[in-house]
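Shown next, in structure tokens, is the structure this report addresses.
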Amino acid sequence: MKQENSDLYDRIYEIVSRIPSGKVSTYGAIAAYIGLVSGARVVGYALNNLDLRNVSNSVPAHRVVNRLGQLTGRAHFPGDSMKERLEQENVMFTEEYTVDIQRHYWDPREELI
DNA sequence: GCCTTGACGTTAG
DNA sequence: ACTAACGCCAAGG
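For the first sequence, my numbering puts the final residue at 237, and the numbers step up evenly by one.
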């Protein structure tokens, strides 16, 4: 069965919304879960459209970081709300704008476990 | 309708 | 171990 573009975006938002508090996920993990091998860029683009959809409050995009744990999307957030948000979740930061991804890494399949 | 850019990731040197 | 280039999908110009 073929998936429409809208479904792809919706799926991304759904997975991101499933990220538990105090945990972070990566674009690649989400992309891989959907079926995209190296289409992690699409995931980022989808989150960018979040602002256009005005659902930023429903989708914790601040919990999504790259595989290095760097807050690459912090520039798209008002001020440092992304970093403060993660700190509010007791997420440990290895650097100013880098979270301890190896410790707080969360995979979409963990909910299945 | 073609080309460039982008919240990334992997492989090669 | 670090740096450079290529690849992927989607949207805007």
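Note that beta-carbon positions come from the ideal geometry of N, C-alpha and C, so glycine has one too.
From a predicted model like this one, the values you see are computed outputs, not experimental measurements.
For Glu219, the enclosing beta strand (DSSP E) begins and ends at Phe217 to Glu219. The C-beta separation of Ala153 from Pro232 comes to about 6 angstroms, placing the pair in contact by the 8 angstroms criterion. Sixteen is the threshold: since fewer than 16 other Cβ atoms of the shown chains lie within 10 Å of the Cβ of Tyr169, the residue is exposed. CA-CA distance, Thr218 to Arg191, rounds to 14 angstroms.
Taking the Cα positions, Met216 is about 9 angstroms away from Gly146.
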